[in-house]
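All residue numbers for the sequence shown refer to the UniProt record's numbering, where the first residue is 1 and numbers rise by one. Glycine residues also receive a C-beta, built at the ideal position from the N, C-alpha and C atoms. Below is one structure, written out as structure tokens; the observations come after it.
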Amino acid sequence: MRVYKDLISGDEMFTDSHVPKLIDGAIYEIDAKFITVSNTLDDRLLGANPSAEEAEEKVDDGSERVIDLVHASRLVETNFEKKSFTLYLKDYLKKVKEAVAAKDPSRVPDFEKAVQGYMAKVLKNFSDYQEDGITPYFVILKDGLVEEKY
């Protein structure tokens, strides 16, 4: 199994169970889906067995609908406005660019070109990147990841 972690924070972003689509050699787009998860604890995990003499009492299990990638990687939603996102992005891109330059300085121009073009599109359509009930997808910089094999 391959786990992809953020280069800066070390947080898990996704695993190879989600197949990323590579855009311009620098950006991953990863499709996700909504799933329903139960928040109840199965009595069998505690060593209890259901009674054969009386019917089991049903209670609300507290199920919730989540995005599979968010749930599996324990990602946390951020609430950026366009201005704060732009400031965050500039700082993050600077750090990733430094990492690219340290690994392979010849890749820096291609990295910058791909990222600038893609992010210009994102910023232009920033208001369209809100939750709207359609298939969620994630945008992650390839060079902002560290791959670990298990």
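Contacts around Lys33, its chain only, beta-carbon distance under 6 Å, and the 5 residues preceding and following it disregarded = Indexing the sequence shown from 1 puts residue 33 at position 33. Correct list, in chain order: Asp68.
Val70 versus Leu145 - alpha carbon distance = For this step, residue 70 is matched to residue 70 along the sequence shown. For this step, residue 145 is matched to residue 145 along the sequence shown. Rounded to whole angstroms, the separation of the alpha carbons of Leu145 and Val70 is 17 Å.
In angstroms, rounded to a whole number, what distance separates the CA positions of Asp11 and Tyr92?
-> Mapped onto the sequence shown, residue 11 falls at position 11. Mapped onto the sequence shown, residue 92 falls at position 92. Approximately 14 Å, taken between the alpha carbons.
Starting from Val146, follow the beta strand (DSSP E) in both directions and report where the run begins and ends.
-> Taking the first residue of the sequence shown as position 1, residue 146 is located at position 146. Counting along the chain, the beta strand (DSSP E) containing Val146 begins and ends at Leu145 to Lys149.
Any 3 or more C-beta pairs closer than 8 Å across the region 105-119 and the region 19-28 | Yes: the two stretches touch, three or more of their Cβ pairs being nearer than 8 Å.
Endpoints, alpha helix (DSSP H) assigned at Phe14 = Counting from one through the sequence shown, the residue named residue 14 turns up at place 14. From DSSP, Phe14 is part of no alpha helix (DSSP H) but of the beta strand (DSSP E) over Glu12 to Thr15.
Unbroken beta strand (DSSP E) run spanning Thr36, endpoints = Taking the sequence shown and counting its residues from 1, the one referred to as residue 36 is at position 36. That run of the beta strand (DSSP E) goes Phe34 to Val37.
Opening and closing residue of the alpha helix (DSSP H) in which Phe85 lies | Reading the sequence shown from its first residue, position 85 is the one you call residue 85. For Phe85, the uninterrupted alpha helix (DSSP H) segment begins and ends at Lys82 to Lys103.
Residue from Asn39, Leu75, Arg74 and Ala72 whose Cα sits closest to the Cα of Gly62 = The residue labelled residue 62 in the question sits at position 62 within the sequence shown. Taking only the C-alpha atoms, the option nearest Gly62 is Asn39.
Provide the residue(s) that pair with Val66 in DSSP beta bridges, ordered along the chain.
-> Numbered from 1 along the sequence shown, position 66 holds the residue referred to as residue 66. In the DSSP output, where bridge partners are listed per residue, Val66 has Ile35.
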